[in-house]
Amino acid sequence: LKEKYQNAKFSILGSFYPENPTAISEETMAAWQKEGVVEYLGVTEDVKSVIDDQDCIVLPSYREGLSRVLLEAASMAKPIVTTNVPGCKEVVEDGVTGFLCKERDAASLAAKMEQVLMLKDEARVAMGVKAREKIIREFDEKLVVSLYSRVVGQLFRKKSARDLGLLDTAKSYLHAYRGWLTGASVSRG
38 LKEKYQNAKF
48 SILGSFYPEN
58 PTAISEETMA
68 AWQKEGVVEY
78 LGVTEDVKSV
88 IDDQDCIVLP
98 SYREGLSRVL
108 LEAASMAKPI
118 VTTNVPGCKE
128 VVEDGVTGFL
138 CKERDAASLA
148 AKMEQVLMLK
158 DEARVAMGVK
168 AREKIIREFD
178 EKLVVSLYSR
188 VVGQLFRKKS
198 ARDLGLLDTA
208 KSYLHAYRGW
218 LTGASVSRG
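Its first residue numbered 38, the sequence shown is counted upward by one per residue in the numbering used here.
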């Protein structure tokens, strides 16, 4: 892509993981930098300012939990290119808020990155706006906490407190608390 789009800048942020055989090595990164293929930004606590400087965020991953980087990028109205794997595909609506590439497929990743490069500025910005709207609609903190609370509530309704072992634990703590109030020595043994 760098040969075809010489004005494009490709930046990489993050740590090296030498224990992971599929991770990019420091030697490979140094070679890419020397060739002018990428700019390595190192590691930072201020990810927001790095995301802010980019036109698009790319996260190829073989497996991922719900990626904080993708959530942050989308919330900052950045289109995303990521892998069609659980955790990533929940954040990106392919062709609307970004693009999903095939797992372990460099050609697919390059093709999706090229789609972003070919977008007119207005279309890229509109894609980012749609990404932000999706995050607000589906991943707002209050919404997630509410959903989590409902799921936990359903679990408790399905299982009795005794089945979960909570009743005995609650009794034990109540007994200890009463003992503390009265100054009695209590063992939860």
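Here a beta-carbon is modelled for each residue, glycine too, at the ideal position from N, C-alpha and C.
Output the boundary residues of the beta strand (DSSP E) element that contains E127.
Counting along the chain, E127 sits inside no beta strand (DSSP E), nor does DSSP assign it H or E at all.
Going by the CB atoms, is the gap between A60 and F53 shorter than 8 Å?
In contact: F53 and A60 (Cβ atoms closer than 8 Å).
Specify whether the segment 75 to 86 and the segment 142 to 159 touch according to this definition: at least 3 beta carbon pairs, one from each stretch, less than 8 Å apart.
In this structure the segment 75 to 86 does not touch the segment 142 to 159; the number of beta carbon pairs closer than 8 Å is below three.
N- and C-terminal bounds of the alpha helix (DSSP H) containing E72
From DSSP, the alpha helix (DSSP H) with E72 extends over E63 to E72.
Would you mind giving the Cβ-Cβ distance between V118 and G135, rounded to the nearest angstrom? I have them listed as a contact below 8 Å.
Their Cβ separation, rounded to whole angstroms, is 6 Å, which keeps V118 and G135 in contact under 8 Å.
Sub-8 Å separation of K115 and A168 beta-carbons
A Cβ-Cβ contact shorter than 8 Å links K115 with A168.
Please classify T219: is it buried, with 16 or more other beta-carbons within 10 angstroms of its beta-carbon, or exposed?
Residue placement at T219 is poorly supported in this model, since its pLDDT is 41, which falls under 50; the coordinates are not used for a value here.
By DSSP's criteria, F136 is part of a beta bridge. Which residues make up the other side?
BP columns for F136 point to V118.
Can you tell me which residues form a DSSP beta bridge with E178?
The partner list for E178 (beta bridge, DSSP) is empty, contrary to what the question assumes.
Only counting the same chain, and skipping five residues up and downstream in sequence, which positions put a Cβ closer than 6 Å to that of I49?
Within the same chain, and ignoring the five residues on either side of I49 in sequence, the residues whose Cβ sits closer than 6 Å to its Cβ are V75 and Y77.
Identified DSSP bridge partners for V95:
According to DSSP, V95 bridges with V118.
For E76, which residues does DSSP report across the bridge?
Looking at the DSSP assignment, E76 forms a beta bridge with S48.
Which residues in the same chain as K139 place their Cβ atom closer than 7 Å to its Cβ, once the five residues preceding and following it in sequence are excluded?
Taking K139 as the centre and dropping the five residues before and after it, the same chain places the C-beta of N121 and S145 closer than 7 Å to its C-beta, in chain order.
For A228, count neighbouring Cβ atoms within 10 angstroms of its own Cβ and tell me buried if that reaches 16, exposed if not.
No answer is possible for residue 228: the residues shown for the chain start at 38 and end at 226.
Proximity below 8 Å, CB of L107 to CB of V128:
The answer is yes: Cβ separation under 8 Å.
Check for me: the alpha helix (DSSP H) holding L108 runs from which residue to which?
Note, L108: alpha helix (DSSP H), R105 to S112.
P60 by DSSP, collapsed to three states: which one?
First, the residue type needs correcting, since residue 60 is Ala and not Pro in the sequence shown. Annotated three-state conformation of A60 is coil, per DSSP.
If we call anything under 8 Å between Cβ atoms a contact, is A110 one with K171?
Not in contact: A110 and K171 (Cβ atoms no closer than 8 Å).
Report the three-state DSSP secondary structure of K167 (helix, strand or coil).
The three-state secondary structure of K167, taken from DSSP, is helix.
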